[in-house]
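Student: Position 100, counted from 1, in the sequence shown is what my numbering calls 101; the numbers after and before it change by one each time, with no gaps.
Here a beta-carbon is modelled for each residue, glycine too, at the ideal position from N, C-alpha and C.
Predicted model only: the values in this text are computed from it and were never measured.
The structure's right below; bear with me while I get my questions together.
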Amino acid sequence: MLKASGAARTAGAVVALAALLAACGDGGGDAEPSVSTASTTSGPTSPSGTAKPRAVKLTVAGTVATGVEVPWGLAFLPDKSALVAERDSGKVKLIAGDKVTEVGTVPGVDSSSEGGLLGLAVDPKYPARPYVYAYYSTGNDNRIARFTYQDGRIASPEVILDGIPMSAIHNGGRLRFGPDGFLYAGTGDGSDRPNSQNDDSLGGKILRITTEGKAAPDNPGGRLWISKGHRNVQGLAFAGSQLYAAEFGQDTWDELNAITPGANYGWPAVEGISQLDGMADPIAQWRTSDASPSGITFAQGYIFMAGLRGERLWAIPVAEGRRTGKPVAFFTKQFGRLRTVEAAPDGSLWLTTSNTDGRATPKPGDDRILRVTITH
């Protein structure tokens, strides 16, 4: 059912960084995000002392794997193999070379339209600390657990944090270790909007915790979280020490935020750029039809952002928490819904589709993991 190959099935799809279109529809082709004037001009596009970004080309160089069912979390191991989480089945698969192997099932996963087995992260001290961390939904909450991963099997599950609000939608779920060695998690409001502004709720937050599930040192107020006012964070990425987060909007604006500890990102009072006192504005925003972002990663001066409803991969040039140029779309409508993008050890990107998640018509081979190369 699950097949893999290195770069055998080359799609030959090369998308150049071309002139941006004046408006972005759903008809395909590269496009500029549908933004307001405020968004297009928010923040300097050529910050003082920051060089303009180099244009990039993205090439689909091959298919890593096919037949994966709703792939969500994806994390690389030191040997360059990767673990992939299947949202609905709760299974974890290992991709190593041209082989794909099931390495275990996370117990207690309760899947829904947006819930199930979500983010994965490998301990930064692996294999000395042989742990893999998973964010998943149960019948009562979302939680984070760690497992040993040895001899090709996940085992010994230990819940390190529970009580994250859960519903059929708005579960967040991305995990990412920061350069400080702490574990970051993006959560959703659990379909209860006040959670995002409630300091006592873990909903609508970005968490920063130890590998034991405790509040990391220097968190604002000694809490488990470092930022609030989020609606549904499913993308986290570091560029050096700067954290970026992608967030689903309600009906109007999806967001890319540069995260500052202690900041309030506005939900549910605002969506997108508001310029309200006390609220941090996103550095880029998109119409929900053009993005609906999930995973993000950083490489070569760009945040790459996978779009579900938008069915495209966005490249957003950034530096020091600022956007340094216009976002550009790649692969629009070519591969369907795009869920997760990760920088691979060889310098490429691994990009997953999400066409078996109940919100699309799967194509033969779906879901798949694509290997995308970056050139200038």
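For P128 and Q276, what's the separation of their Cα atoms in angstroms?
Tutor: 46 Å
Student: Which one or two residues does DSSP pair with Q1 in a beta bridge?
Tutor: This structure gives no information on residue 1, because the portion of the chain shown stretches from 2 to 377.
Student: Looking at F299 and R313, is the spacing between their C-beta atoms short of 8 Å?
Tutor: no
Student: Measure the C-alpha to C-alpha separation of A252 and V271 and round it to an integer number of angstroms.
Tutor: Per the sequence shown, residue 252 should be read as Asp rather than Ala. Taking the CA atoms as reference points, D252 sits about 12 Å from V271.
Student: When burial is assigned at 16 or more other CB atoms within 10 Å of the CB, is K100 buried or exposed?
Tutor: exposed
Student: For G120, which of helix, strand or coil comes out of DSSP?
Tutor: Here G120 sits in strand by DSSP.
Student: So, under 8 Å CB-CB, T212 and Y132 are touching, yes? Tell me the CB distance rounded to an integer number of Å.
Tutor: 7 Å
Student: Quick check on DSSP: helix, strand or coil for R338?
Tutor: DSSP places R338 in coil when its eight states are reduced to three.
Student: Should E256 be labelled buried (16 or more other beta-carbon atoms within 10 Å of its own) or exposed?
Tutor: buried
Student: Can the beta-carbon of Y303 be found closer than 8 Å to that of V57?
Tutor: yes
Student: Using a 10 Å radius around the Cβ and a threshold of 16 neighbouring Cβ atoms, would you call S242 buried or exposed?
Tutor: exposed
Student: Quick test of your reading: L75 and T374, contact by CB under 8 Å. State the CB separation rounded to the nearest angstrom.
Tutor: Not confirmed; about 17 Å, so no contact.
Student: Is it buried or exposed, G29, if we count other Cβ atoms within 10 angstroms and call 16 or more buried?
Tutor: Model confidence at G29 stands at a pLDDT of 32, short of 50, so the residue's coordinates are unreliable; what they give is reported in the following sentence. The residue in question, G29, is exposed, as its Cβ has fewer than 16 Cβ neighbours within 10 Å.
Student: Find the nearest neighbour of D152 within the set T102, Y136 and I284, judged by alpha-carbon distance.
Tutor: Nearest neighbour of D152 by Cα position, chosen from T102, Y136 and I284, turns out to be T102.
Student: Tell me, which residues are paired with P318 by DSSP?
Tutor: Y303
Student: Go to S138, then tell me how far its beta strand (DSSP E) extends in each direction, as first and last residue.
Tutor: Y132 to S138
Student: Since A240 contacts N258 with CB under 8 Å, what's their CB separation in whole angstroms?
Tutor: Actually they do not touch by this definition, with Cβ atoms about 13 Å apart.
Student: Pull up the DSSP beta-bridge partners for W226, would you.
Tutor: Residue pairing from DSSP places W226 in a beta bridge opposite L208.
Student: At which residues does the beta strand (DSSP E) containing A246 begin and terminate?
Tutor: Run containing A246: Q243 to E248, per the beta strand (DSSP E) assignment.
Student: Is the distance from the Cβ of V107 to the Cβ of W351 below 8 Å?
Tutor: Going by C-beta atoms, V107 is not nearer than 8 Å to W351.
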